[in-house]
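Below is one structure, written out as structure tokens, with a few remarks after it.
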Amino acid sequence: MLRLSKKTDYALMAMKHLALNGDHGAASAREIAEQYDIPAELMAKVLQRLVRRGLLASHQGTRGGYLLARPATLISVADVIQAVDGPLTVTACSS
Numbered sequence: 036m037l038r039l040s041k042k043t044d045y046a047l048m049a050m051k052h053l054a055l056n057g058d059h060g061a062a063s064a065r066e067i068a069e070q071y072d073i074p075a076e077l078m079a080k081v082l083q084r085l086v087r088r089g090l091l092a093s094h095q096g097t098r099g100g101y102l103l104a105r106p107a108t109l110i111s112v113a114d115v116i117q118a119v120d121g122p123l124t125v126t127a128c129s130s
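When the count follows my numbering, it moves up by one through the sequence shown with no breaks and lands on 130 for the last residue.
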């Protein structure tokens, strides 16, 4: 079973939001956080991590916010998990 951290869960929600609403322009961390009832500061930290890993682009200013850095079809769930939680590792299950 794959267990995701809260930060990864929030990152996946944000990526989905941006993929579905990207036609409307950039979205702010506050806007995304309010949509999903997530603390805005935590969402901002998660989004910055995604920017550093090249999954999102950020723009400052009145029309600023976050956008996908490349088409959603080229971003995998594994990319998002690794951006937030680091490399994926496989461990043996004990019986």
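Glycine residues also receive a C-beta, built at the ideal position from the N, C-alpha and C atoms.
- prompt: For V81 versus K42, is the C-beta spacing smaller than 7 Å?
  reply: Contact flag set, yes.
query: How is the beta strand (DSSP E) around L82 delimited, first residue to last?
result: Where L82 is concerned, there is no enclosing beta strand (DSSP E), although the alpha helix (DSSP H) around it starts and stops at A75 to R87.
- request: Using three-state DSSP, classify G60 as helix, strand or coil.
  value: In this structure, G60 counts as coil in the three-state DSSP scheme.
- prompt: Which residues share a DSSP beta bridge with S40?
  reply: Residue pairing from DSSP leaves S40 without any beta-bridge partner.
- request: Report the rounded CA-to-CA distance for D58 versus G121, giving the unit in angstroms.
  value: Roughly 30 Å separates the two Cα atoms.
Expected contact under 8 Å - CB spacing of A46 and V119 to nearest Å: Contact flag correct, Cβ pair sits at about 5 Å.
- prompt: If you check the beta carbons only, do I67 and A49 fall under 7 Å apart?
  reply: Taking 7 Å as the Cβ cut-off, I67 and A49 qualify as a contacting pair.
task: Would you mind giving the Cβ-Cβ distance between A113 and A104, rounded to the nearest angstrom? I have them listed as a contact below 8 Å.
output: Not really, about 16 Å apart at Cβ, beyond 8 Å.
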